[in-house]
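Participant: To start, I am sharing the structure in question, which I have written as structure tokens.
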Amino acid sequence: MTARYLPMLAASAPAPFSSNDWLFEIKWDGVRAIASVGTSLSLRSRNDVELADRFPELAELLALAPGTGSPPVTYIVFDILERNGKSLTGLPLTERPDILKAAVREGPHVVLSVPVAGQGEDYYRAAVAQGLEGVMAKRRDSHYEPGLRSGAWLKIKAQKSCDCVIAGYTAGQGGRGPVFGALLLALYDKGVLIPVGKVGTGFSDQLLADLMATFAPLVTSVPQVQGVAGRVTWLQPVLVCEVAYQEVTRDRKLRIPRFLRLRTDKPATDCTLDQLTGPHLAHKEHQPPPVPTTLPEPAKTLPGAPAPQPTLRKYHEKRNFSVTSEPEGATTMSGNSFVIQEHHASHLHYDFRLERDGVLKSWAVPKGVPEIPGEKHLAVAVEDHPLDYGTFAGEIPKGQYGAGTVSIWDSGTYDTKHWDDGKIEVTLRGNRLNGPYVLVKFNRAGKNNWLLFRAA
Ligand code: MN
């Protein structure tokens, strides 16, 4: 295998749910690694450290033949990203398990993870009853998105936990005099480390001593975060630990934190504030993705009609489907499609739509999508539209929202290079437009305003 893949990342869901659009599997507690099996075995951790030497028993992945002895570690294989040099990341999730089963046999140290469909709540209860951490939910139609946290994968955990950077420690008191009292925890927010509390429980005596030895070469006189009172021994921000907590306070501190483990497989820079799913977080952009159980009642449901996506509520509120021929919203997925519709409403504009999370993310672009690199056009984010709007062309009746004529100006597929709340980079492959495009949020001009341009 030649390609190097970044692991796809999971967002957090606040509660278990059941949905036929999702597959569920056990969330295992351990080290995540991507195995490359060729003439030799490579096992790369999330922070790109080679682990093959550390787990020699996993050499059986090479032969896929039974080994001997007791199994100190087990490699749980839950996905396949490449086979015979051909990338499989563009295939929908539901197609990869069959390829995986054909490619990998189980051995004493190698186990395949088999997802279940739909019954997420039952599965979650069963997992937690067995003392497991929780479950993973993966959207059936999703592709493997290396390095992205798109919301297509969700972790649902019995216990809230958070991976934090260890920014320093306070001195121990009494019996803990020779070691630290508490670890100073920090998370990255837009590239800046901010303190999120201190953890002083969950350590064995041995762990306390081991951690002190680990800390010694990392001590620095440079304060790593602002706004921490009292004496702190600062550490270079390279160590990551997982901490359980009850809730997040209003000022973004972990309440009742307890140390769980050091995480050597995760880079400190991945420890971001968006892990905290507290009910009253100040940051609007860091809200957890919507959970697909609480679908709003559609205004008027035909028997057997599919339930709409939760993010389509605004779309439904604005339209009377007994009058307009615009689609109500089918839930069939068509892949990474995009469409640009020419819309002769009260003002001519172009609607730019990208398929994402089961809906069409949409922008109204008054001047159309620029074709010359460097030319920037205003794009106003509007409500999500259903996927089948992508093939809609026709007349929206007078008096209805967006009354006028809609025709398809361009359509095709696209690849995502980057997607976050403030910036989207895609490559369009349409009949008219072909090439890299960028959408950047333009906050000064209002919260829904973006700039759309063609990258050079
Ligand atoms: Mn429009």
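Just so you know, we're using the working numbering here: the sequence shown kicks off at 4 and counts up by one. Built from N, CA and C at the ideal position, the CB exists for glycine as well.
For E148, which three-state DSSP category applies?
Facilitator: Correct three-state label for E148: coil.
Participant: For Q344, which three-state DSSP category applies?
Facilitator: It is a strand residue.
Participant: How big is the Cα-Cα spacing for A308 and S153?
Facilitator: Below a pLDDT of 50, predicted positions are generally treated as unreliable, and A308, at 35, falls in that range; no measurement from the model is reported.
Participant: Which class does D213 belong to by DSSP, given the choice of helix, strand or coil?
Facilitator: Three-state result, D213: helix.
Participant: Using a Cβ-based criterion (distance less than 6 Å to any ligand heavy atom), does D391 qualify as near the ligand MN?
Facilitator: Answer for D391: no, Cβ out of range of the ligand MN.
Participant: With distances taken Cα to Cα, identify the nearest neighbour of D82 among I37, R322, Y126.
Facilitator: Residue I37 is the option with its Cα nearest to D82.
Participant: Counting pairs of Cβ atoms below 8 Å between the stretch 313-327 and the stretch 204-220, do you hit three or more?
Facilitator: Taking 8 Å as the limit for Cβ pairs, the verdict is that the stretch 204-220 does not touch the stretch 313-327.
Participant: Since I believe A396 is in contact with F355 (beta carbons under 8 Å), could you give me their beta-carbon distance rounded to a whole number of angstroms?
Facilitator: Not quite, the Cβ-Cβ distance comes to about 16 Å (not below 8 Å), so this is no contact.
Participant: Does DSSP classify K450 as helix, strand or coil?
Facilitator: Of the three classes helix, strand and coil, the one that applies to K450 here is coil, per DSSP.
Participant: Is it the case that the CB of G405 approaches a heavy atom of the ligand MN more closely than 6 Å?
Facilitator: Under cutoff, so the answer is yes.
Participant: Quick check: is the beta carbon of A367 nearer than 7 Å to any beta carbon in chain C?
Facilitator: The structure shown contains no chain C; it is built from a single protein chain.
Participant: Out of curiosity, what's the CA-to-CA distance linking G438 and T416?
Facilitator: Approximately 11 Å between the Cα atoms of the pair.
Participant: Can you name the start and end residues of the beta strand (DSSP E) that L387 belongs to?
Facilitator: Just to set this straight, residue 387 is Asp in the shown sequence, not Leu. It spans 379-388 - the beta strand (DSSP E) in which D387 sits, taken as one unbroken run.
Participant: For H347, verify whether its CB is less than 6 Å away from any heavy atom of the ligand MN.
Facilitator: Not so, every heavy atom of the ligand MN lies at least 6 Å from the Cβ.
Participant: Is A155 buried or exposed, if buried means 16 or more other CB atoms sit within 10 Å of its CB?
Facilitator: Flag for A155 reads buried.
Participant: Just checking A382 against the ligand MN - is the residue's beta carbon closer than 6 Å to any of the ligand's heavy atoms?
Facilitator: False, no ligand heavy atom lies under 6 Å from that Cβ.
Participant: Would you call the stretch 115-132 and the stretch 378-394 in contact, with 3 or more CB pairs under 8 Å?
Facilitator: Touching, no.
Participant: Do you know offhand how far K269's Cα is from A16's?
Facilitator: Using only the alpha carbons, I get a separation of about 20 Å.
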